[in-house]
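Asks: Numbering (the numbering used here), first residue to last: 2 to 357. We treat Cβ as the ideally placed atom computed from N, Cα and C, and that holds for glycine. Note that the structure is a prediction, hence the values are computed from the model and not measured. To start, I am sharing the structure in question, which I have written as structure tokens.
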Amino acid sequence: MKKIVLTGGGTAGHVTPNIALLPSLKDAGYEITYMGSYDGIEKRLIGDFELPYVGISTGKFRRYLDPKNITDPFRVIKGFSEARKFLKSYRPNVVFSKGGFVSVPVVRAASSLGIPCIIHESDMTPGLANKLCIPAAKKVCCNFPETLKLLPEKKAVLTGSPIRAELAQGNRLAGLNLCGFSANKPVIMVIGGSQGAADVNKAVRAALPQLLTDFQVVHLCGKDKVDNLLLNTAGYKQFEYIKAELKDLFAMADLVISRAGANAICELLALKKPNILIPLPASRSRGDQLLNAKSFESQGFSIVINEDDLTTELLVDRVHELYFSRQTFRDAMNDSGQMDSIRTIIGLIEEVSKAG
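Laid out in structure tokens, this is it:
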């Protein structure tokens, strides 16, 4: 049997595209093992799929001063040693990495053993972890045409992001029942990301008195971010995080308010959901979400609100603007020619696996 090791973690966005590949990898005859950190979100998410999971030590590469900058390099070195020991014994045909800092020791260890690697960059510009992995990769997949010119020409492939097929198979009525919502009032779905988004959460909650006049709101607010004072607010339902029922919430949602992480917005595009993007500002990121959001806005897929400009009045105005012009946004997304990313990536995995 052919063997593949998947890696990626730190946030849900570094894991869910790997999950999207699982059915097709199994159909292609691959034995699958997942390699991630000992206790990261990837371990929890992969736990639902009964895959062998190998934990390794990992550290973060920071661009700012932090005491952990002294100790984390040693964790990465330890992770490299642990990954290499496992890979040398297991001998997979290929490693596929979705990024995050846990992927660096895995990809570099695989390369040192002559095991071919494919990596996927979701954002418009490569992050630091993937920059460290690109020299060791056979192919580098990406989501945006603009990214191709930033990657080695012979390695870069425009694939789009793998989207879980089940997300398009939700049941609207099941979503309404889960939230206790009426079928006669439109629904806004707010996605703060797996870590939550404090400023987005705050703005949405401040706008609830106006929003709940015309809409119902389901809010994925992040771990420990539920506001207990709002638990009994009619038409407003909060979840820290949701898994199996996510497809039903998407089916129920008429509009989506989201951060602009690449995987999240690719899901919105695939599902043709009119959306407002509130990208993480450059002051708290490397600016990738701003670039992602700008690309989607220019293509007519999204309305963008910069977090520095975010007010209750602006958010409410943009929600109404989006709702009344929602078909225009759906039409633009329908015309986008969404790529069959899973088939493309599986084809690359097969190609590299045979060559290796």
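Could you spell out where the alpha helix (DSSP H) holding Met334 opens and where it closes?
Replies: From DSSP, the alpha helix (DSSP H) with Met334 extends over 327-335.
Asks: Beta-carbon separation of Val191 and Val218 under 8 Å?
Replies: Cβ atoms of Val191 and Val218: closer than 8 Å.
Asks: Between which two residues does the alpha helix (DSSP H) harbouring Met125 extend?
Replies: Neither: Met125 is in no alpha helix (DSSP H) and is coded neither H nor E.
Asks: Starting from Ser299, follow the alpha helix (DSSP H) in both directions and report where the run begins and ends.
Replies: Run containing Ser299: 289-299, per the alpha helix (DSSP H) assignment.
Asks: Helix, strand or coil for Ser98? Go by DSSP, reduced to three states.
Replies: The answer is strand: DSSP assigns Ser98 an E or B state.
Asks: Could you check whether Val108 and Cys143 sit closer than 8 Å to each other, using their CB atoms as the reference points?
Replies: Cβ atoms of Cys143 and Val108: not closer than 8 Å.
Asks: Cβ of Ile125 within 8 Å of Cβ of Ser326?
Replies: It is worth fixing the name first, because residue 125 is Met in this sequence and not Ile. Taking 8 Å as the Cβ cut-off, Met125 and Ser326 do not qualify as a contacting pair.
Asks: Curious, which full-length beta strand (DSSP E) runs of at least 3 residues does the stretch 223-270 contain?
Replies: The qualifying runs are 237-240, 256-259.
Asks: Can you list, in chain order, the residues of its chain with a C-beta nearer than 7 Å to that of Gly41? Leave out the 5 residues immediately preceding and following it.
Replies: Closer than 7 Å at Cβ, skipping near neighbours: Gly10, Gly11, Val103.
Asks: Check each candidate in Ala235, Gly193, Met253 and name the one with the smallest Cα separation from Ser259.
Replies: For Ser259, the nearest C-alpha among the options comes from Gly193.
Asks: Should Ser296 be listed as close to the ligand SAH, given that the test is whether its C-beta is under 7 Å from any heavy atom?
Replies: Only the bare structure without any ligand can be found here, which leaves the ligand SAH out of the picture.
Asks: Looking at the unbroken beta strand (DSSP E) that takes in Gln211, where does it start and where does it end?
Replies: No beta strand (DSSP E) contains Gln211, which is instead part of the alpha helix (DSSP H) from 199-215.
Asks: Verify whether the separation of the beta carbon atoms of Ser162 and Asn264 is less than 8 Å.
Replies: Yes, Cβ-Cβ distance for Ser162 and Asn264 is below 8 Å.
Asks: Looking at the secondary structure, which residues open and close the alpha helix (DSSP H) in which Thr17 lies?
Replies: Taken as a continuous stretch (DSSP letters only), the alpha helix (DSSP H) holding Thr17 covers 17-28.
Asks: Could you tell me which whole alpha helix (DSSP H) segments of length 4 or greater appear in the stretch 110-179?
Replies: Correct list: 129-134.
Asks: Once DSSP output is grouped into helix, strand and coil, what is the label at Gly14?
Replies: Reduced to three states, the DSSP call for Gly14 is helix.
Asks: Do the stretch 242-252 and the stretch 280-294 meet, that is, are 3 or more Cβ pairs less than 8 Å apart?
Replies: Output reads no: the stretch 280-294 does not touch the stretch 242-252.
Asks: How many angstroms separate the CA atom of Val6 from the CA atom of Leu311?
Replies: Near 42 Å, if we compare the C-alpha coordinates of Leu311 and Val6.
Asks: According to DSSP, simplified to helix, strand and coil, what is Gly37?
Replies: Reduced to three states, the DSSP call for Gly37 is strand.
Asks: First and last residue of the alpha helix (DSSP H) that includes Ile57?
Replies: From DSSP, Ile57 is part of no alpha helix (DSSP H) but of the beta strand (DSSP E) over 54-57.
Asks: I'd like the span of the alpha helix (DSSP H) that includes Ser354, first residue to last.
Replies: Taken as a continuous stretch (DSSP letters only), the alpha helix (DSSP H) holding Ser354 covers 342-356.
Asks: According to DSSP, simplified to helix, strand and coil, what is Thr8?
Replies: Reduced to three states, the DSSP call for Thr8 is strand.
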